[in-house]
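Residue numbers (our numbering): 5 to 341. Glycine included, C-beta positions come from ideal geometry on N, C-alpha and C.
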Ligand SMILES: [Zn+2]
């Protein structure tokens, strides 16, 4: 039998990864988010540039095999480790943007910069090395409001993307309300951090006003469904996001799973379970979320295409007009050649 020609499609873009968390696989089950975070912090403390170089190259090869051809690495382990991650990406042949995290308080000492100026100096060092960089105030938990203002201003001035975690867990919202009288995305808006180059990671518990603010600013949401499921974060309000025309992209985040098709399928699965309806997001739109929207979130102009094995068992008997539907609803990443 003649093997069918592969189907070439746009590569997937992983807009949110924490590479070192790959090593938590199988080690961090059975406890809540905050207990998981303790383990994650222990692991973060052990990282060295050598370790990052080795572990990230293997991880990025795993991503490449699964069809991700670019990754946004949300990085808070320090500058030598950021350079090691960029080298690992180069070796693995995956497009790379270092979303360098600003961390003003909490976490580990190695996450933190002494001032927002010291953070922006780090950003400029990496840019001078020729590494693609995005700004990443870690969260409203980790960044005081004056840091957010300064980073928002710099992003605007330099036309850089800005990524920030928000509304992943209810406790973070309660703490933000107690400190500022505002919810996290409201605070980001007030601090000048929302614009068309902004991507909010998670937004799991965003309320209508927060979503309105994202919609008005033209900002995106990066959803990380397999990680959000694993950590018990909750269900992202997919249908309310779609109603407002807010762009969505995907990320493998804690790297508990590396499968863009699974992330995309979950998005629609969540929407169906929440609404009791089907086809909230069409397969073609989901594929666009997985590639173009992720690329826009990282300001990528080019990223590699991928080839799909049309002779794969999962696609046997599928008619040509139904290929994209079958790809999204019925396949795993092993259909990528
Ligand atoms: Zn994250």
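Item                                                                                                                                                              : Value
What are the residues that DSSP puts in a beta bridge with residue 213?                                                                                           : Beta-bridge pairing links residue 213 to no other residue.
Kindly indicate the opening and closing residues of the beta strand (DSSP E) around residue 16.                                                                   : 16-21
Please list the segments of the alpha helix (DSSP H) lying wholly inside the stretch 159-215, counting only runs of 4 or more residues, in order along the chain. : 174-184, 188-194
Should residue 188 go down as buried or exposed, given a rule of 16 or more other Cβ atoms within 10 Å for buried?                                                : buried
Report buried or exposed for residue 138, applying the criterion of at least 16 other Cβ atoms within 10 angstroms of its Cβ.                                     : buried
Classify residue 315 as helix, strand or coil using the three-state DSSP reduction.                                                                               : coil
From the DSSP output, in three-state form, read off residue 155 for me.                                                                                           : helix
Listed in chain order, which residues are found with a beta carbon closer than 6 Å to a heavy atom of ligand 1?                                                   : 20, 22, 78, 169, 205, 257
Using only the alpha-carbon positions, how far apart do residue 274 and residue 239 sit?                                                                          : 7 Å
Does the separation of the CB atoms of residue 234 and residue 261 fall below 9 Å?                                                                                : yes
For residue 96 versus residue 203, is the C-beta spacing smaller than 9 Å?                                                                                        : no
I'd like the list of long-range same chain contacts for residue 135, defined as Cβ closer than 8 Å, with 5 residues on each side in sequence excluded.            : 86, 87, 90, 100, 102
Which word fits residue 67, buried or exposed, when buried means at least 16 other C-beta atoms lie within 10 angstroms of its C-beta?                            : buried
How about residue 4 and residue 144: do their beta carbons lie closer than 9 Å?                                                                                   : It is not possible to answer for residue 4, since the shown part of the chain is limited to 5 through 341.
Report back the beta-carbon spacing between residue 4 and residue 197 to the nearest angstrom; my notes put them in contact at under 8 Å.                         : Only positions 5 to 341 of the chain appear in the structure, and residue 4 is not among them; the question remains open.
CB residue 45 to CB residue 111, shorter than 9 Å?                                                                                                                : yes
Using DSSP with H/G/I as helix, E/B as strand and the rest coil, what is residue 9?                                                                               : coil
Roughly how many angstroms lie between the CA atoms of residue 224 and residue 72, to the nearest whole one?                                                      : 19 Å
Would you check if the distance between the CB atom of residue 322 and the CB atom of residue 330 is smaller than 9 Å?                                            : yes
Helix, strand or coil for residue 72? Go by DSSP, reduced to three states.                                                                                        : strand
May I ask you to list the residues that DSSP assigns as paired with residue 79?                                                                                   : 104
Would you kindly report the start and end of the unbroken beta strand (DSSP E) that includes residue 225?                                                         : 224-227
In terms of residues, what are the limits of the alpha helix (DSSP H) holding residue 127?                                                                        : 120-132
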